[in-house]
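Novice: Sharing a structure, written as structure tokens. Questions coming.
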Amino acid sequence: MFLLEQWKKVLNKLENEVTAVTFDLWINTLTPVQYGNDELILLAPSVTAKNQVNQPGIFEKITKCVRQEFTPYTFVRITDNQEYEDMIRKQEEEIEKIETERVNKSKFNKKYTFENFVVGKSNQVVCAAMQSVAEHPSEKFNPLFIYGGVGLGKTHLLHAVGNYLSEHNPELNVLYVTCEKFTNDYVDSIRKGKDKSNLDFRDKYRSVDVLMIDDIQFISNKMGIQEEFFHTFNDLYQNNKQIIIASDRPPKEMSSLEERLRSRFSSGLIQDIQEPDYETKVAIIKKKCSQEGYLVDEDVVDFIAQKTNTNIRDMEGILSKVVFYSSLQNKTHASMEDAYEALKDYGETEKTNLDAEKIMNTVCDFFKVSRDDLIGKKKNKEIVEPRQLCVYLIDDMLSIPLKAIGELFGGRDHTTIMHARDKISKQVKINPHIRTLVNDIKSRLLKY
Ligand code: ADP
Ligand code: MG
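Take the sequence shown: its position 324, counting from 1, is numbered 1345 in the numbering used here, and each next residue is one higher.
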């Protein structure tokens, strides 16, 4: 070992420099524990020993010999156990802080900032609430529960809080997870069994300063997930940590939500985000253009804002399609011609306006089966086929997790859902009858 070997050489030198008593009683009891940045740290077995070797005459001799064996600039520091422990703890904290900052910096979508968020009538209150929580975490609204339809900017705002905190409060441990991620982490910790992994889970979720959970509407009532969330929530809340939750609907409309969670959510601020009006849509399109460097004619902006629904994600999709069409023709600006072209098959994108409810109702209608049967346990072909088709359609037309689809179908396991989906998607390829059925239902759903 380099450090010990060097120290032995120092000792050999020191033996000739001090009295035998000083050497045996004090100097020989020192242990070299750390060397770096031109500093050698020596640990003394007691405070008395430390004070003894720190005495002027002795300390200089130690330094002199150390400098002969290490570098001519080496500083010597003598510590006792307590001091050394404190020092190590500080070093660890420093490393942890740097690590937290590094992780925080990388985990939020850089494009989703408050600066890039266009504020209009529909979202000004929610945006102000999120900003104020970002500026004063745990002091303003806690918990803050935001809700609103698909593509209205909830995820954007959560990341904006994350980005803001990474910049202004980098030492805070900020965690953003989707409900699905929270659930998977928990299920993993159960599956691995043993106390250890469960501790990992608790460590991760209960050591945060700001916890953000996206799409909480997918929280399931199985395997004690709500129970675990309840405890996580309480623990953080009692320790005055900030909690922000996003959902597509208010707590009172989340049917499978336990009452105690509902009341926890209600104890803070519940704020909705509404559909953007025309002016806001125009402003968002313009912002997007300048951000992405898109060049489009003024009337194109107007046209897109008028013709698209209120889902901003859809609107962005149409915009990039318009720009893409114009680039195919090597034009510098996208014109109305490109806009007409891009919006021609808008019906296809319109499907994101759909929800599971609509698909289930349409399937029930189409096959004349009841809703109870659709999600129930009956196994006759007349019921099973619509059920599997419905699963397939929901999976195909909406981007929701298999687990959540399972919930819609009376709490079926996600592997059952996967099986149904795979079966129909195979059929669609080889069986014209099924293909026609799927197309008919889809065109019903996409009619607008
Ligand atoms: P949600 O989570 O509510 O479904 P997102 O936050 O994913 O919606 O938003 C969808 C897209 O629309 C994102 O690309 C987001 O940047 C954009 N967006 C939503 N609202 C705004 C806004 N007010 N200003 C700028 N972009 C927005
Ligand atoms: Mg979202």
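Even glycine gets a Cβ: it sits at the ideal position worked out from N, Cα and C.
(1) Need the endpoints of the alpha helix (DSSP H) that A1013 sits in, please.
(2) In whole angstroms, what separates the C-alpha of V1031 from that of F1251?
(3) By the 10 Å Cβ neighbour count, where 16 or more other Cβ atoms means buried, how is E1274 classified, buried or exposed?
(4) With C-beta atoms as the reference, is P1297 less than 8 Å away from S1143?
(5) How many Å lie between K1202 and Q1112 at the Cα?
(6) Does the Cβ-Cβ distance between G1427 and D1417 come in under 8 Å?
(7) Is it buried or exposed, I1451, if we count other Cβ atoms within 10 angstroms and call 16 or more buried?
(8) Along the chain, where does the alpha helix (DSSP H) containing F1166 start, and where does it finish?
(9) The alpha helix (DSSP H) spanning L1257 covers which residue range?
(10) Count the other C-beta atoms from every protein chain shown that fall within 10 angstroms of the C-beta of N1332, then say buried if there are 16 or more, exposed otherwise.
(11) Please classify G1057: is it buried, with 16 or more other beta-carbons within 10 angstroms of its beta-carbon, or exposed?
(12) By how many angstroms is the C-alpha of L1025 removed from the C-alpha of V1042?
(13) With DSSP run on the structure shown, which of helix, strand or coil describes V1042?
(14) Any chance the CB of K1131 is under 7 Å from a heavy atom of the ligand MG?
(15) Going straight from the alpha carbon of V1147 to that of Y1185, what length do you get?
(16) For the alpha helix (DSSP H) containing E1060, name the first residue and the last one.
(17) In whole angstroms, what separates the C-alpha of G1172 from that of S1348?
(18) Just the Cα atoms here: how many angstroms apart are I1294 and L1410?
(19) Kindly indicate the opening and closing residues of the alpha helix (DSSP H) around D1416.
(20) On the DSSP letters alone, give me the boundaries of the alpha helix (DSSP H) that F1203 sits inside.
(21) In the DSSP output, what is Q1076 paired with across the bridge?
(22) Rounded to a whole number of angstroms, what is the C-alpha to C-alpha distance between L1364 and K1309?
(23) In the DSSP assignment, the beta strand (DSSP E) including T1353 goes from what residue to what residue?
(24) Does DSSP classify Q1295 as helix, strand or coil?
Specialist: So, from the data block:
(1) Summary: the structure shown does not reach residue 1013, with the chain confined to residues 1022 through 1469, and so no result is reported for it.
(2) 60 Å
(3) exposed
(4) yes
(5) 32 Å
(6) no
(7) exposed
(8) Segment 1165-1168 is the beta strand (DSSP E) holding F1166; no alpha helix (DSSP H) there.
(9) 1246-1259
(10) buried
(11) exposed
(12) 22 Å
(13) helix
(14) no
(15) 16 Å
(16) That residue, E1060, is in no alpha helix (DSSP H); its beta strand (DSSP E) goes 1060-1064.
(17) 26 Å
(18) 33 Å
(19) 1402-1418
(20) 1200-1213
(21) Paired residue(s): none; Q1076 is not in a bridge.
(22) 18 Å
(23) T1353 -> no beta strand (DSSP E), and no H or E assigned at all.
(24) coil
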